[in-house]
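In the numbering used here, the protein residues as written are 39 to 417. All C-beta atoms in this analysis are idealised placements derived from N, C-alpha and C, irrespective of residue type, glycine included. Below is one structure, written out as structure tokens; comments come after it.
In structure tokens:
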């Protein structure tokens, strides 16, 4: 009976990952369509909801699923299920209001799940994760009430950035850190959150404040994240650190561009600002954490291989060309680099897929945690 329940439990996770992968593929194709490159008709129709597909449908599903696995409570799985359903609604061409309502429900469940996490463990990083979920909920509510998909951009990006920051903050507990580190983190996240909130009422000012917060947070991560120590290691530990540190560089650039008005519609460097954060930072974090998260969520083993650096290098090189080649509307190189971004994602999927094997053993402990403990002991 226990074995049967365990199999059902694992299969339920995999069932939620299937639509997430489909949504990711559709979102990438929609992004290519936005570059003016011919794609299948259905993908071109989705070009206008590329952002919601990526943030709310794909990342909303994946982040909520990870939270559900961590909590081990059945009701929390409602969040990824509803978010995946919202993505399917968008793919099917139903009114965006329907999808927005589903995303509101999914993010509300994630907020409730984050409160449950705090109830179990009150700490700075768990409060940070709640704040991230609240940003996502606020953005989804604004979109559901007809604000358009441009207004919640800061809140949606804030959801992703603050979530990652909260996860990284947890790992800094493994290192001796200066007394000012936590207050500085709180200040940085507060500025990011304030920018998210202000963007609903005074978009130009709010987006600029949001950008300053991103820059501040990037500098904090470079200074205090355990990746600074792990980059001197080898194997998977070093790969994760390289992903993290390179991502922090893009986060800083995205913050500067946003502070210069880059999130406002019509600004020539808007695409650069959005994708410096969304691709350079967030996707680099995905590349780095996938070998750890997938075993926990899907019950598989992923063996490290140096080939993992190939898609990471392609991502950063193509994004550098994309950011440098504006205004986008007048530059064919911009479109080509956008396609190269998509190819980087596909190559990463192939590399990870080739390194997957089924295994009943528990996933290995995070290299960050192992190395952090070692660094802490050495000091």
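Sequence-distant residues of the same chain with beta carbon closer than 7 Å to residue 352, five excluded per side: Once the five neighbours on either side are set aside, the close Cβ partners of residue 352 are 378, 381, 382, 385.
Smallest Cα separation from residue 219: which of 114, 57, 255? 255
Which word fits residue 158, buried or exposed, when buried means at least 16 other C-beta atoms lie within 10 angstroms of its C-beta? exposed
In this structure, how does DSSP classify residue 211 when only helix, strand and coil are distinguished? coil
Are there three or more Cβ pairs, one per stretch, closer than 8 Å when the segment 134-143 is compared with the segment 82-97? yes
Look at the alpha carbon of residue 91 and the alpha carbon of residue 216, and state the distance between them as a whole number of angstroms. 40 Å
In its own chain, which residues sit with a C-beta less than 6 Å from the C-beta of residue 341, not counting the 5 before and 5 after it? Apart from sequence neighbours up to five positions away, the residues of its chain that approach residue 341 with a beta-carbon distance below 6 Å are 393, ordered along the chain.
Are the beta-carbon atoms of residue 177 and residue 188 separated by less than 8 Å? no
Can you tell me where the beta strand (DSSP E) with residue 340 in it begins and where it stops? 338-340
Segment limits, alpha helix (DSSP H) that includes residue 222: 219-237
How would you write the range of the alpha helix (DSSP H) that residue 244 sits in, first residue to last? For residue 244, the uninterrupted alpha helix (DSSP H) segment begins and ends at 241-262.
Can you tell me the Cβ-Cβ gap for residue 54 and residue 118, rounded? I've got them flagged as a contact below 8 Å. 5 Å
With residue 58 and residue 68 assumed to form a contact (beta carbons below 8 Å), what rounded beta-carbon distance in angstroms separates them? Residue 58 to residue 68, Cβ: 15 Å. No contact.
Once the 5 residues before and after residue 161 are set aside, which same chain residues still bring their CB inside 8 Å of it? The residues are 208.
If we call anything under 8 Å between Cβ atoms a contact, is residue 224 one with residue 200? no
Would you call the CB atoms of residue 125 and residue 61 closer than 8 Å? yes
Decide yes or no for the touch test of the segment 264-271 against the segment 297-307: beta carbon pairs closer than 8 Å, at least 3 of them. no
Would you kindly work out how many angstroms separate the C-alpha atoms of residue 286 and residue 318, rounded to a whole number? 8 Å
Mark residue 239 as exposed unless 16 or more other C-beta atoms lie within 10 angstroms of its C-beta, in which case mark it buried. exposed
Rounding to the nearest angstrom, what Cα-Cα distance links residue 277 and residue 314 in this structure? 20 Å
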